[in-house]
Amino acid sequence: MNRNEIIEAIKLIVKPYTEDVAALESINESTDFIKDLKINSANLVDVVLDVEEKFSIEIDNESMAKMLTVEATIAIIEEKMNSNAGK
Amino acid sequence: MLGNDIVDLKLAKTQSNWQRSGFLNKIFTKQEQFYIRSSENPDRLVWLLWSMKEAAYKIHNRITGVRNFAPTSLECSIRQEDLKKGAVCIDAETYYTESDINDDYVHTVASCLKNHCVNVKTAIYKAPNLLADYKNTSAACVSHHGRYLALVY
């Protein structure tokens, strides 16, 4: 999965948690879930759980702490998928 | 320094499903999950502890300049016989909280100082009667969720 495909997957995941259609349409690596998409912080947990399910990865607390932007989320997904592939 | 957080319980019911598998583990420590499980009203406990963490985080974030999403690093302590007063510890810091809990919302005020909350003025507005120009009222902290707007001074 390349970065654009990952962004598309993230876009689908966050869709139910944002009401900001314009910000969702223009989602890119620098998009901030809370500042730009106005996602409620409790729903950020849902985003983390949905990413875990979609990519079959486990996101530890240390990684979750950084998961505020699309860019950080891509980095975590790639890192966890690579370490899964090595198993 | 002050922080506050309001949870509209009606909106929280539809916006979040805390019974979803994995949800509590990502947000709450083992001790906090024990508080929730042993409560007669687990739904209320979930949102009380959440608003305590959010209110404390708002102060901690301003002091340290660190922005992150690490809810389990904020450890709440409450006394089950009086849920209103509590404390939230993160790293070496302790923030003292006072919460207003009713059927409509949970509102928590956090302060760096113990017993400071008694001197805090709180204003809660409910839609459609929200205060439009609240940004000019020099509130120490603002929280908005669902039908409610909460300001502390």
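First to last, the protein sequences are chains A and H.
Okay, so the first sequence: first residue is 319 according to the numbering used here, each after it adds one.
Okay, so the second sequence: first residue is 153 according to the numbering used here, each after it adds one.
For every residue, glycine included, the Cβ atom is placed at its ideal position computed from N, Cα and C.
Remember, it's a predicted structure, so these values are computed and weren't measured experimentally.
Query: Under a three-way DSSP split, which group does Glu227/H fall into?; Result: strand
Query: Among the candidates Glu370/A, Glu376/A and Ala327/A, whose CA atom is the shortest distance from the CA of Glu347/A?; Result: Ala327/A
Query: So, does the CB of Lys384/A fall closer than 8 Å to a CB anywhere in chain H?; Result: yes
Query: I want to see whether chain A comes within less than 8 Å of Gly174/H, judged by CB atoms only; does it?; Result: yes
Query: Quick one, are the C-beta atoms of Ile158/H and Ser295/H less than 8 Å apart?; Result: yes
Query: Assign Lys287/H to one of two classes, buried (16 or more other C-beta atoms within 10 Å of its C-beta) or exposed (fewer than that).; Result: exposed
Query: For Ala279/H, I'd like the list of residues in its chain whose CB is within less than 7 Å of its CB, leaving aside the five on either flank, ordered along the chain.; Result: Arg299
Query: For Ile331/A and Asp368/A, I'd like the C-alpha separation in whole angstroms.; Result: 7 Å
Query: Taking buried to mean at least 16 other C-beta atoms within 10 Å of its own C-beta, is Glu250/H buried or exposed?; Result: buried
Query: Pull up the distance between the alpha-carbon of Glu323/A and that of Met385/A, whole angstroms please.; Result: 18 Å
Query: What's the C-alpha gap between Tyr247/H and Asn320/A?; Result: 43 Å
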